[in-house]
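Trainee: If you're matching positions, the sequence shown starts at 1 in our numbering and goes up one per residue. The beta carbon of each residue, even a glycine, is placed where N, CA and C say it ideally should be.
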Amino acid sequence: GRRQDSLTGKVYHLDWNPPPNDEIAQRLVTRSDDTIESMKQRLKQFRENANAVKGCYNNTVEIDGLGTPEEVLWDIDTSLKRVAQGKHRV
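#1: With H, G and I counted as helix, E and B as strand and the rest as coil, what does DSSP make of Arg31?
#2: Since Val11 sits in a beta bridge, which residues does DSSP pair it with?
#3: Taking C-beta to C-beta, are Val83 and Asn51 nearer than 8 Å?
#4: Starting from the Cα of Thr8, find the closest Cα among Met39, Trp16, Glu23 and give me that residue.
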């Protein structure tokens, strides 16, 4: 998790962006909007908005972002090359 500094409002993540020192770590609180239900709602809104926007573009490519950074980069690079060469079907 995501936590917020109760004094400054700065947002940290305990694994990916931890607070720089123990003093700040002691002030961290869980945000009131960080619940499973609110996350489900944000994901639902994202998917609805993403699908609506897709219709505005001719060439869209879906990339599975669950691989390693190197695998995802390879997928992006390969897909962009295919689109540039006209070999990608939409």
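Mentor: Walking through what the data contain:
#1: Note: Arg31 maps to coil in three-state DSSP.
#2: Note: Val11 sits in a beta bridge opposite Gln4.
#3: No, the Cβ-Cβ distance between Val83 and Asn51 is not below 8 Å.
#4: Nearest C-alpha to Thr8: Glu23.
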